[in-house]
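Enquirer: In the numbering used here, the protein residues as written are 67 to 758. Before anything else, here's the structure in question.
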């Protein structure tokens with residue numbers, strides 16, 4: 067049961083680029099709030115929130131972990147998200163249910179590629195955020211440069227609420243620019259009690275200048291304060307804080323803090339900022355959804371008295387308790403044992419145990435109220451992105467859109483006994499992760515797994531072998547190509563006629579196929595006039611069209627960016643059937659694609675390589691030799707060079723090993739999907755030969 071009033075609840079996520087220090091920051095937050103009594107370390111594999119074996123071995127976060135803690139008489143529900151682009155779905159679904167975010171930046175590297183990705187995702191979901199510039203004790207740390215990068219690269223309005231005292235190894239404290247007090251941390255008490263003092267002489271001038279700048283920024287967001295400021299009236303720190311909170315929640319400003327999580331400096335101030343600047347469930351706009359019966363848009367306010375509405379954002383197969391569904395309650399109260407409606411599927415579900423999660427540990431609850439995040443056992447038919455609500459007041463909340471996978475590999479069980487175990491394991495893993503897809507190749511009968519990157523599939527296969535004890539042979543990763551047409555086909559014909567002894571089969575459809583802009587997806591339009599095909603056969607024909615588009619024509623890859631218009635056909639009073647029209651629709655796609663100059667499309671990845679300057683020539687040469695287009699270079703303060711390029715995914719397999727040998731182990735890279743582009747004729751021929 068929620069002891070706290072709604073305005074004292076914060077639902078926040080810790081988000082950032084890989085290695086910026088998210089999990090270390092979260093560990094410190096849990097320590098200072100009394101949730102844990104010993105700080106775990108990522109590099110030692112003891113971090114509380116990285117509880118999976120794979121996370122501890124690799125020192126990265128793979129799944130978003132949830133926990134609840136308390137600070138300044140507020141309840142804070144925290145989700146620690148992954149930084150690696152292969153697990154971007156975890157970030158996306160977390161942002162969908164959060165009210166605020168803490169974005170962690172590395173003070174040396176500044177804004178990195180994945181920082182840009184998560185920032186864009188947070189913009190999409192209108193999530194107010196604060197920034198924490200971490201690793202201020204590292205060589206090359208630069209607070210002002212990081213703020214400039216946040217402004218320039220992320221198109222944000224960062225407001226430095228603090229000023230660092232010292233930098234690199236001399237970093238020892240901060241100046242609070244609103245109250246003009248200094249906090250200096252002693253090394254021997256794990257940063258628990260900073261010494262408060264006047265602003266040290268060495269930073270006074272800079273701090274005064276910085277305060278002047280941020281006061282101007284803050285008063286610009288509030289007309290009344292602006293008038294008082296212009297009349298030279300004193301504005302108190304509390305008034306500035308209040309105005310900054312409003313601007314932060316409105317998305318007009320982003321307060322910036324600094325510190326070093328590993329050295330335990332600055333974390334309590336970030337916790338204060340979560341309470342002071344990030345919204346409670348009451349501060350965010352009401353949740354909108356559609357009534358599935360009237361199709362009218364309805365709102366649900368964060369209030370216990372409203373009808374229940376909740377969104378399931380994550381499914382986890384827990385080895386001890388079974389299938390866990392994480393959900394966010396937007397309105398109403400949910401009790402253990404309640405019967406609720408899954409509006410997405412229009413099916414009733416019964417709520418079993420309700421649990422408050424602390425990473426992989428659990429605490430039983432009798433009920434959860436509006437604005438809370440919890441997990442439940444016992445939901446059999448509910449999946450990620452689905453709505454649970456009161457059956458008397460149905461509402462369908464907006465689901466969560468996930469990117470399409472770009473890489474695949476074949477897998478087969480080693481024995482018949484493993485066949486069934488593998489089926490169950492893959493079903494459980496695909497329920498957990500919407501970007502993990504499983505298909506069967508019709509020609510070879512092989513099981514093909516699709517994911518977001520090599521690491522993504524590697525971790526999933528590793529989990530299958532360890533957690534589900536499945537012995538399997540795993541193939542090499544392959545690129546998930548796509549197919550499309552390059553010219554309009556005015557007449558694509560599908561005619562299915564079969565005469566047997568009794569009643570025959572007859573279906574006939576005519577389509578127009580048109581290529582669409584990249585990324586437009588599939589559009590199917592019904593333009594039948596004067597009953598050329600009866601209404602009851604149009605839907606089966608469209609189903610055949612959709613099925614054929616999803617299984618491809620050239621090499622079995624999905625066809626994308628095509629508009630199919632069904633405009634003519636014919637039927638037979640006796641022999642026509644739904645199945646005949648479904649087959650005819652499928653045949654029309656094959657005919658149309660053959661006539662439409664089809665091409666294969668390959669995924670192009672955006673890659674950012676960071677390596678010492680001495681190796682820049684080798685890195686660029688290697689990328690160019692692998693069909694890469696160099697987009698730019700940037701010198702960093704720590705003597706490293708950043709190289710940005712777009713490279714076909716097919717050329718990136720094993721790149722981590724190549725980069726290590728080119729740079730004597732000192733180069734790192736990040737990669738994310740950019741777009742699909744046509745594959746050259748010679749390469750397409752090789753792919754098709756491999757398919758045949």
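We put the CB at the ideal spot given by N, CA and C, even for glycine. Keep in mind that this is a model prediction, so the values were computed, not measured.
Which partner residues of residue 248 appear in the DSSP bridge assignment?
Expert: Counting from one through the chain shown, the residue named residue 248 turns up at place 182. Paired residue(s): 241, 263.
Enquirer: Does residue 614 pass the burial test, meaning 16 or more other C-beta atoms within 10 Å, or should it be called exposed?
Expert: Reading the chain shown from its first residue, position 548 is the one you call residue 614. Buried, since its Cβ has 16 or more Cβ neighbours within 10 Å.
Enquirer: Might you give, ordered along the chain, the residues of its own chain that have their beta carbon closer than 7 Å to the beta carbon of residue 557, omitting 5 neighbours on each side?
Expert: Start at 1 with the first residue of the chain shown, and residue 557 comes out as number 491. Cβ within range, chain order: 576.
Enquirer: Measure the alpha-carbon distance for residue 741 versus residue 539 and round it to whole angstroms.
Expert: Working through the chain shown from its first residue, we reach residue 741 at position 675. Working through the chain shown from its first residue, we reach residue 539 at position 473. Residue 741 and residue 539: Cα-Cα distance of roughly 31 Å.
Enquirer: With residue 91 and residue 327 assumed to form a contact (beta carbons below 8 Å), what rounded beta-carbon distance in angstroms separates them?
Expert: By 1-based counting over the chain shown, the position of residue 91 is 25. By 1-based counting over the chain shown, the position of residue 327 is 261. Rounded, the Cβ-Cβ distance is 4 Å, consistent with contact.
Enquirer: Which residue wins for smallest C-alpha separation from residue 685, given the options 710, 597, 140, 461?
Expert: On the chain shown, position 619 is the one that residue 685 refers to. Nearest option by C-alpha distance: 710.
Enquirer: Under the three-state reduction of DSSP, which class applies to residue 108: helix, strand or coil?
Expert: In the chain shown, the residue the question calls residue 108 occupies position 42. With a pLDDT of 46 at residue 108, under the threshold of 50, the predicted position of this residue should be treated as unreliable, though the coordinate-derived value follows. Coil at residue 108, not helix or strand.
Enquirer: Tell me which residues share the same chain as residue 309 and place their Cβ nearer than 8 Å to its Cβ, disregarding the 5 neighbours each side in the sequence.
Expert: Taking the chain shown and counting its residues from 1, one reaches residue 309 at position 243. Excluding residues within five positions, the ones whose Cβ falls inside 8 Å are 284, 285, 287, 288, 291.
Enquirer: Which residue or residues does DSSP assign as beta-bridge partners of residue 408?
Expert: Position 342 of the chain shown, counted from the start, is the residue given in the question as residue 408. Bridge partners of residue 408: 413, 454.
Enquirer: Which two residues bound the contiguous beta strand (DSSP E) that contains residue 198?
Expert: Residue numbering aside, residue 198 sits at position 132 when the chain shown is read from its first letter. Counting along the chain, the beta strand (DSSP E) containing residue 198 begins and ends at 195-200.
Enquirer: Any idea if residue 161 is buried or exposed, counting beta-carbon neighbours within 10 angstroms, 16 or more meaning buried?
Expert: Here residue 161 corresponds to residue number 95 of the chain shown, with the count starting at 1. The residue in question, residue 161, is buried, as its Cβ has 16 or more Cβ neighbours within 10 Å.
Enquirer: Are residue 649 and residue 610 touching if we call contact CB-CB under 8 Å?
Expert: Position 583 of the chain shown, counted from the first residue, corresponds to residue 649. Position 544 of the chain shown, counted from the first residue, corresponds to residue 610. It is a contact, given that the beta carbons lie within the stated cut-off.
Enquirer: In the structure shown, what three-state DSSP assignment does residue 91 receive?
Expert: Here residue 91 is taken as the residue at index 25 of the chain shown, counted from 1. Of the three classes helix, strand and coil, the one that applies to residue 91 here is helix, per DSSP.
Enquirer: So, for residue 747: in the same chain, excluding its five sequence neighbours on each side, which residues have a beta-carbon less than 7 Å away from its beta-carbon?
Expert: In the chain shown, counting from the first residue as 1, residue 747 sits at position 681. Once the five neighbours on either side are set aside, residue 747 has no close Cβ partner at all.
Enquirer: Name, in chain order, the residues that DSSP records as bridge partners for residue 535.
Expert: If you number the chain shown from 1, residue 535 lands on position 469. Bridge partners of residue 535: none, in fact.
Enquirer: With DSSP as the reference, label residue 443 as helix, strand or coil.
Expert: One-based indexing of the chain shown puts residue 443 at position 377. Three-state DSSP puts residue 443 in a strand.
Enquirer: Check each candidate in 627, 572, 596 and name the one with the smallest Cα separation from residue 582.
Expert: For this step, residue 582 is matched to residue 516 along the chain shown. It is 627 whose Cα lies nearest to the Cα of residue 582.
Enquirer: If you follow the alpha helix (DSSP H) that residue 312 is in, where does it begin and where does it stop?
Expert: Looking up residue 312 in the chain shown gives position 246. 303-315 is the extent of the alpha helix (DSSP H) around residue 312.
Enquirer: Could you spell out where the alpha helix (DSSP H) holding residue 340 opens and where it closes?
Expert: On the chain shown, residue 340 is found 274 positions in, with the first residue counted as 1. Taken as a continuous stretch (DSSP letters only), the alpha helix (DSSP H) holding residue 340 covers 333-343.
Enquirer: Hey, could you find the ends of the beta strand (DSSP E) residue 230 is sitting in?
Expert: Translated into the one-based positions of the chain shown, residue 230 becomes position 164. Residues 228-231.
Enquirer: Answer yes if the stretch 730-738 comes into contact with the stretch 658-673, meaning at least three C-beta pairs across the two stretches below 8 Å, and no otherwise.
Expert: Yes, the stretch 658-673 touches the stretch 730-738.
Enquirer: Using the DSSP secondary-structure output, state which residues sit across from residue 448 in a beta bridge.
Expert: Position 382 of the chain shown, counting from 1, holds the residue named residue 448. Paired residues: none, contrary to the question.
Enquirer: Which first and last residues belong to the beta strand (DSSP E) in which residue 468 is found?
Expert: Start at 1 with the first residue of the chain shown, and residue 468 comes out as number 402. Premise fails: residue 468 is in no beta strand (DSSP E) and is neither H nor E.
Enquirer: Measure the C-alpha to C-alpha separation of residue 589 and residue 608 and round it to an integer number of angstroms.
Expert: Against the chain shown, residue 589 aligns to sequence position 523. Against the chain shown, residue 608 aligns to sequence position 542. For residue 589 and residue 608, the distance between alpha carbons rounds to 11 Å.
Enquirer: How big is the Cα-Cα spacing for residue 174 and residue 183?
Expert: The residue you call residue 174 lines up with position 108 of the chain shown. The residue you call residue 183 lines up with position 117 of the chain shown. Cα to Cα, the separation comes out at about 19 Å.
Enquirer: Should residue 142 and residue 76 be called a contact, given that it needs their Cβ atoms to be closer than 8 Å?
Expert: Here residue 142 corresponds to residue number 76 of the chain shown, with the count starting at 1. Here residue 76 corresponds to residue number 10 of the chain shown, with the count starting at 1. Yes, they are a contact pair.
Enquirer: Quick one, are the C-beta atoms of residue 667 and residue 549 less than 8 Å apart?
Expert: By one-based count along the chain shown, residue 667 stands at place 601. By one-based count along the chain shown, residue 549 stands at place 483. Taking 8 Å as the Cβ cut-off, residue 667 and residue 549 qualify as a contacting pair.
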